[in-house]
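In our numbering, the protein residues as written are 8 to 302.
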């Protein structure tokens, strides 16, 4: 069994380990280690870590029973190895995953909406919640609540409980596993069974910004970004708004009204243009010579 160090300490970036099994298939090497800091791909909806083993890129990581398999392209002759994860990737996934727990808990607290789907994409994160619709004021309320929890810097705790103790914890959703249930708790506010990597406090999430929401298969899909992703999202949108503001010679706070005015003027001109074309066709039709009938 591989020791899952990433669950004990998700902030650990480098460790030494030992290869306990190695297989060569499809021009790749599959390594089973005695311990690892690499998170396996899509375990609980979270993408895999990036990094190296003895300086060689790890191209895939997946779970096989209680073991974690690491895939590399080149052979390693020694059984002693050095593992190193890409910290920016780990930090990003921790911010998104911890942010998702927080956001899901608030949708549940305010509207009784369960999270039934979760996906971390390359640029944003989605959750599907079992509620028929959401209004803009609902989104504003949820987002404001979530960020107040972040600014309050509540503790995030992880611990293991047995199935006999599951009813002692007010979890949002019952897990599929029957023993050694790992709980991620947001300081008495939320309790969720989870095997992902998480921060130690809500402040490390940075911020949460809901970007969009829409109906999806009878539920609502909410698109959001957390932490550094939220900062990057703000940065490119701010650049875009400033560029449009300069182009229109308007303040950034006035550009929507200016664009709306230009759009309405464009619609008016297009209608006038269509009307003129119709009039022109009528005049052209009058000037066409009439066909003479032949007896």
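Here a beta-carbon is modelled for each residue, glycine too, at the ideal position from N, C-alpha and C.
Checklist entry - Thinking C-beta only, is residue 112 closer than 8 Å to residue 160? => result No, Cβ-Cβ distance for residue 160 and residue 112 is not below 8 Å.
Checklist entry - Within the 8 Å Cβ cut-off, does residue 66 reach chain C? => result Included in the structure is just one protein chain, with no chain C present.
Checklist entry - Between the segment 234 to 241 and the segment 134 to 143, do three or more beta carbon pairs fall short of 8 Å? => result The segment 234 to 241, when compared against the segment 134 to 143, does not touch it at the 8 Å Cβ threshold.
Item to check | residue 294: first and last residue of the uninterrupted alpha helix (DSSP H) it sits in | outcome: Segment 262 to 294, the alpha helix (DSSP H) holding residue 294.
Checklist entry - Between which two residues does the alpha helix (DSSP H) harbouring residue 235 extend? => result Residues 234 to 255.
Item to check | contact_flag[the segment 213 to 220, the segment 115 to 122] where n(CB pairs < 8 Å) is 3 or more | outcome: No contact exists between the segment 213 to 220 and the segment 115 to 122.
Checklist entry - Between the C-alpha atoms of residue 268 and residue 17, what's the straight-line distance to the nearest angstrom? => result A straight line joining the alpha-carbon of residue 268 with that of residue 17 spans about 52 Å.
Item to check | Among 196, 59 and 282, nearest to residue 162 - alpha-carbon criterion | outcome: With distances taken between Cα atoms, residue 162 lies closest to 196.
Item to check | CB-CB length for residue 233 against residue 106, believed under 8 Å | outcome: Between residue 233 and residue 106, the beta carbon gap of about 3 Å places them in contact (Cβ cut-off 8 Å).
Checklist entry - Hey, is the segment 76 to 83 in contact with the segment 97 to 106, meaning 3+ C-beta pairs nearer than 8 Å? => result No, because fewer than three Cβ pairs between the segment 76 to 83 and the segment 97 to 106 fall closer than 8 Å, the two stretches do not touch.
Checklist entry - Taking the alpha carbon of residue 130 as the point to measure from, which residue in 274, 90, 54 and 117 has its own alpha carbon closest? => result Answer by Cα proximity: 54.
Checklist entry - Buried or exposed: where does residue 23 fall if 16 or more other Cβ atoms within 10 Å of its Cβ makes it buried? => result Here residue 23 is exposed, its C-beta having fewer than 16 other C-beta atoms within 10 Å.
Checklist entry - Assuming residue 146 contacts residue 168 under a Cβ cut-off of 8 Å, what Cβ separation, rounded to an integer in Å, is found between them? => result So it is not a contact: roughly 34 Å between Cβ atoms.
Next on the checklist: Measuring straight from C-alpha to C-alpha, what distance separates residue 13 and residue 175?
Outcome noted: Using only the alpha carbons, I get a separation of about 26 Å.
Item to check | Residue environment, residue 58, which counts as buried when at least 16 other CB atoms sit within 10 Å | outcome: By the neighbour-count definition (other C-beta atoms within 10 Å, threshold 16), residue 58 is a buried residue.
Next on the checklist: Quick check on DSSP: helix, strand or coil for residue 55?
Outcome noted: In the structure shown, the three-state DSSP call for residue 55 is coil.
Checklist entry - In terms of DSSP beta bridges, what is residue 179 paired with? => result DSSP, once it has assigned bridges, lists no residue as partnering residue 179.
Checklist entry - So, helix, strand or coil for residue 15, using DSSP? => result Reduced to three states, the DSSP call for residue 15 is helix.
Checklist entry - So what's residue 144 in DSSP terms, helix, strand or just coil? => result Secondary structure of residue 144 (DSSP, three-state): helix.
Checklist entry - With a Cβ-Cβ cutoff of 8 Å, do residue 45 and residue 65 count as a contact? => result A contact, by the Cβ cut-off of 8 Å.
Next on the checklist: Rounded to whole angstroms, what is the Cα-Cα separation between residue 43 and residue 177?
Outcome noted: When rounded, the distance between both Cα atoms is 31 Å.
Item to check | Residue span of the beta strand (DSSP E) that contains residue 46, given as start and end | outcome: Careful: residue 46 lies outside any beta strand (DSSP E) and carries neither H nor E.
Next on the checklist: If distances are taken between C-alpha atoms only, which option among 41, 93 and 280 comes closest to residue 74?
Outcome noted: Of 41, 93 and 280, the residue nearest in Cα terms is 41.
Next on the checklist: Helix, strand or coil, according to DSSP, for residue 84 in the structure here?
Outcome noted: Of the three classes helix, strand and coil, the one that applies to residue 84 here is coil, per DSSP.
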